[in-house]
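In what follows, a single structure is set out as structure tokens and then discussed.
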Amino acid sequence: MASERDISITKDDLPLTFQVKYLGSQPAKGLWGIKHTRRPVDIMVKEAKNLPPDVILPLVNVTVSTEGLQVTHVTKKKSEKSTTNFFKISTISYGVQDLVYTRVFSMIVVTDGDLTTVTPFDCHGFVCQSRNEARQLTYALAAAFQEYGKKFKEESQKNPDMRKKFAIDLRTPEQQNDDSDSETEA
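The opening residue of the sequence shown carries number 4 in the numbering used here; numbering runs sequentially from there.
What follows is the structure, encoded as structure tokens:
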């Protein structure tokens, strides 16, 4: 089996679909960085652990494409209509494999500019079947970001007023943990 460092996903591998459990979402206080996913993930995991024994997290198919991330709820019955949420790549500002809960992939999504919301950022969490799958999901989003970045660069050369930032953290949980001591809020 290849090591986590050997994972290589390119735009040609997309779309990729992962069947995972949806942890939920929580407000995030910032646009990108592990410091802005840490608290929301802790809250979502705590809430999941406190669910009654007969309640399980919803199973979803997460499909990563160059256009964004599609989350489709898996239904048990064919007669049930599954719900789908689509997050355009331009609205995802950050994605990371969690450093504490290494089977968790989280991402920060910039919500529409509604002034009634406390924060314009939502952190969504997904529990993967393995640490390696969480890593693959992170790399798939990185490939989508890379393609978006290329397209965006081409467009911004035509229109210099276009600017948007996004980030993906490809460090292993161990590297993130080692580097977290040196990160500042500055």
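Idealized CB from N, CA, C, for every residue including glycine.
Worksheet item: In terms of DSSP beta bridges, what is residue 110 paired with?
Response: 98, 127
Worksheet entry | residue 62 to residue 129 span [Cα, whole Å] | 10 Å
Worksheet item: Do the CB positions of residue 122 and residue 49 come within less than 8 Å of each other?
Response: The answer is no: Cβ separation not under 8 Å.
Worksheet item: Hey, residue 19 and residue 143 are a contact pair by Cβ (cut 8 Å); roughly how many whole angstroms apart?
Response: 5 Å
Discussion item. Whole angstroms are fine: how far does the CA of residue 14 sit from the CA of residue 157?
Written reply: 17 Å
Discussion item. Along the chain, where does the alpha helix (DSSP H) containing residue 44 start, and where does it finish?
Written reply: 37–52
Item to complete: Say whether the stretch 60–76 touches the stretch 146–154, bearing in mind that this needs 3 or more beta-carbon pairs closer than 8 Å, one atom from each stretch.
Response: yes
Discussion item. What does the alpha-carbon distance come out to for the pair residue 136 and residue 162?
Written reply: 38 Å
Worksheet item: For residue 65, which option in 151, 154, 132 has the closest C-alpha, if you only look at C-alpha atoms?
Response: 132
Fill in: C-alpha distance - residue 125 paired with residue 175, whole-angstrom precision
23 Å
Item to complete: From the DSSP output, in three-state form, read off residue 161 for me.
Response: helix
Discussion item. So, with DSSP's three-state summary, where would you put residue 24?
Written reply: strand
Worksheet item: Is residue 43 buried or exposed, if buried means 16 or more other CB atoms sit within 10 Å of its CB?
Response: buried
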